[in-house]
Amino acid sequence: MHIVAFATGNPRKAEEVRSILRSYDIDVEVVKVRKIEIQDDSIERIAAFSARILARRIGKPLVVEDTGLFIDALKGFPGPYSAYVYRTIGLKGVLKLMEGVEDRHATFVCVVAYCEPGYRPIVFEGRVRGRIADEARGSFGWGYDPIFEPDGYNKTYAEMGVYKNEVSHRAEAFRKFANWYIESKRV
Ligand code: ITT
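Each step along the sequence shown adds one to the number in numbering that gives the first Met the number 0, with nothing skipped, and position 38 is 37.
Structure follows, in structure tokens:
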């Protein structure tokens, strides 16, 4: 089993990442450092910046991950501001913004940034297209899970339970990372 440091303050995220990486024989050690999040339109730049600073600070390779929900009809909002919007107006507020809006398409984007101290971060992206549900449904999820229905399923992430980890934006990004990690013989 290979262990990689993972900086996050969200235990549900860490739990998902563990389950996604299990079949690659990789585990994560959660590092309790505050992610330094610059304000930027690009979650890729946010994740990469944070990984570079934190790898240097802890003195060993580390992974950070940044996720955003991009809603077409809102021109990509909340996107890089997803955590702030969730904390402030919440799911209710987002559903209110979407009241009477016909085009409910949205994309969940996850960027994983891996960095070794003193080197440039390497990023891996996962994207899932879907729709914003008319109302919150399901009790398994967290964050925006109850209002996001991935294309091809009539369920929200919060109704899918652990099956979310088979198809999610996070699964795609971390599988790309794991394949690279193994191929580049860091294991
Ligand atoms: P970190 O400490 O890792 O940053 P976080 O929860 O703040 O944890 P993000 O900034 O990446 O993570 O997430 C932005 C927002 O999107 C935040 O409100 C999350 O709850 C939500 N989110 C992230 N991934 C999600 C997922 O898979 N399903 C539902 N909501 C998600």
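Heads up, the beta-carbon is just placed ideally off N, CA and C, and yes, glycines get one too.
All values derive from a computational prediction rather than experimental measurement.
Between which two residues does the beta strand (DSSP E) carrying residue i extend?
i, result
"Ala112", "104-114"
"Phe5", "1-6"
"Phe123", "121-131"
"Phe76", "First-last for Phe76: undefined, no H or E at that position."
"Val16", "Unbroken run through Val16 is the alpha helix (DSSP H), 10-20; no beta strand (DSSP E)."
From the options, pick the residue whose C-alpha is nearest to that of residue i; which is it?
i, options, result
"Asp71", "Phe173, Leu61, Val111, Arg130", "Arg130"
"Met159", "Glu98, Arg136, Tyr85", "Arg136"
"Glu165", "Gly92, Ser18, Ala13", "Ser18"
"Val108", "Glu98, Tyr85, Gly75", "Gly75"
"Arg117", "Val100, Arg51, Asp39", "According to the sequence displayed, residue 117 carries Gly and not Arg. Out of Val100, Arg51, Asp39, Arg51 has the C-alpha closest to the C-alpha of Gly117."
"Asn153", "Ser167, Val161, Trp141, Ala132", "Ala132"
"Val127", "Ser167, Arg21, Val110, Tyr180", "Ser167"
Give a single yes or no on whether residue i has its beta carbon closer than 8 Å to a heavy atom of the ligand ITT.
i, result
"Thr106", "no"
"Glu14", "no"
"Glu148", "no"
"His168", "yes"
"Thr7", "yes"
"Lys163", "yes"
"Thr87", "no"
"Cys114", "no"
"Gly58", "no"
"Lys154", "no"
"Gly129", "no"
What does a CB cutoff of less than 6 Å around residue i pick up in its chain, not counting 5 residues either side in sequence?
i, result
"Asp144", "Tyr156, Ala157"
"Lys175", "Phe123"
"Leu90", "Ala135, Ile146"
Sorted by chain position, which residues of the same chain lie with C-beta nearer than 8 Å to residue i's C-beta, five sequence neighbours on each side aside?
i, result
"Val84", "Phe76, Pro77, Gly92, Val93"
"Ile37", "Arg44, Ile45, Phe48, Ser49"
"Asp102", "Asp71, Ala72"
Mind checking which residues open and close the alpha helix (DSSP H) that includes residue i?
i, result
"Arg136", "Arg136 -> no alpha helix (DSSP H), and no H or E assigned at all."
Can you list, in chain order, the residues of its chain whose CB lies under 7 Å from that of residue i, leaving out five sequence neighbours each side?
i, result
"Met0", "Asp24, Asp26"
"Glu15", "Asn164, Arg169"
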